[in-house]
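Trainee: Heads up: the sequence shown begins at 312 in my numbering, then just goes up one per residue.
Ideal Cβ placement from N, Cα and C applies to all residues, glycine included.
First the structure, then my questions, so here it is.
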Amino acid sequence: MELVYCAYCKHRRKAYTKKHLNLVNIGYSLLLSFLLMLIVWQGFHPGVFVFITVFLFIQETAIQMRRRLSVQCNSCGFDPVLYVRSPDLAKQRVQKILNTKKESAEYLLAANNPFEHIRHNNSKNNLPSESIDNSR
Ligand SMILES: [Zn+2]
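See below:
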């Protein structure tokens, strides 16, 4: 986990930044596969390569899913991966989350106030999509 800053609300938070398997993960897969091979077949068996492949696939998938889920900001809901793919959809999601927070007024007592660092303009609702459009 590393400390990252949200590109929109500029709050600091922890996020998983590891993208792929490393040597330690491959070592765990090998160790677990050989232990499972010894338990199942009580000796060497070529089926260990199936175990290795399955464990590597599971670890890679888990690492990518963990990273993808931690990329989104907790306080404003900004998702940079979604913003690269579809900026309009990302703006709609941020706008929806900020409107919900603004209506509930719980953000006033929250430690991560999403409106704290957002630039205020004099538009009618101060919606995040307008702020994002102005920043271009
Ligand atoms: Zn944010």
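For V361, is the classification buried or exposed, using 16 other Cβ atoms within 10 angstroms of its Cβ as the cut-off for buried?
Mentor: exposed
Trainee: Using only alpha-carbon positions, find the residue among E313, C384, W352 and K330 that is nearest to V405.
Mentor: Nearest of E313, C384, W352 and K330 to V405, Cα basis: C384.
Trainee: The beta strand (DSSP E) spanning R323 covers which residue range?
Mentor: R323 to A326
Trainee: At the level of alpha carbons, what is the spacing between C387 and S381?
Mentor: Going by the C-alpha atoms only, they are around 13 Å apart.
Trainee: Does the Cβ of Y418 lie closer than 7 Å to at least one heavy atom of ligand 1?
Mentor: no
Trainee: Along the chain, where does the beta strand (DSSP E) that runs through Y316 open and close?
Mentor: E313 to Y316
Trainee: In angstroms, rounded to a whole number, what distance separates the CA positions of N410 and V392?
Mentor: 21 Å
Trainee: Is the beta carbon of I363 less than 8 Å from the beta carbon of S397?
Mentor: no
Trainee: With respect to the alpha helix (DSSP H) encompassing P398, which residues constitute its N-terminal and C-terminal limits?
Mentor: Element bounds for P398: P398 to S415.
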